[in-house]
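Worksheet for the structure shown next.
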């Protein structure tokens, strides 16, 4: 498969994730859309790494996966906590940080 096709796939996945973040209001769906955008960027990084013949993109993709794993732990804890107190996962209902 041509590596340029992977870049098209990464652009498509990132666009779907960005539209999901902008349109949807459910925190879980927003969370999954952010993960989709991170995976699209990883795919683009690995593709560029393959095109240029070095490992820099793969190393950066590995660090992105580590950050995404940490984000999952912290983000899901926050979402579960908000759901337990508010009985809703909508981001419009969350105003806990307001004074």
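In the working numbering, the protein residues as written are 19 to 117. Glycine included, each C-beta is placed from N, C-alpha and C at the ideal position.
Nearest residue (CA-CA) to residue i, options the options
{"i": "residue 33", "options": "43, 58, 19", "result": "58"}
{"i": "residue 76", "options": "91, 90, 60", "result": "60"}
{"i": "residue 23", "options": "65, 73, 71", "result": "65"}
{"i": "residue 54", "options": "71, 73, 29", "result": "29"}
{"i": "residue 98", "options": "21, 81, 49", "result": "49"}
{"i": "residue 25", "options": "42, 105, 93, 67", "result": "67"}
Contact check, residue i vs residue j, beta carbons under 8 angstroms
{"i": "residue 95", "j": "residue 44", "result": "no"}
{"i": "residue 82", "j": "residue 56", "result": "yes"}
Contact belief for residue i with residue j at Cβ below 8 angstroms, rounded distance in angstroms
{"i": "residue 52", "j": "residue 35", "result": "7 angstroms"}
{"i": "residue 79", "j": "residue 69", "result": "About 14 angstroms; that fails the 8 angstroms criterion."}
N-terminal and C-terminal residue of the alpha helix (DSSP H) that residue i is part of
{"i": "residue 92", "result": "74–104"}
Would you check if the region 82–94 and the region 105–112 touch, i.e. whether three or more CB-CB distances between them fall below 8 angstroms?
As far as the Cβ criterion goes, the region 105–112 does not touch the region 82–94, which means the pair count is below three.
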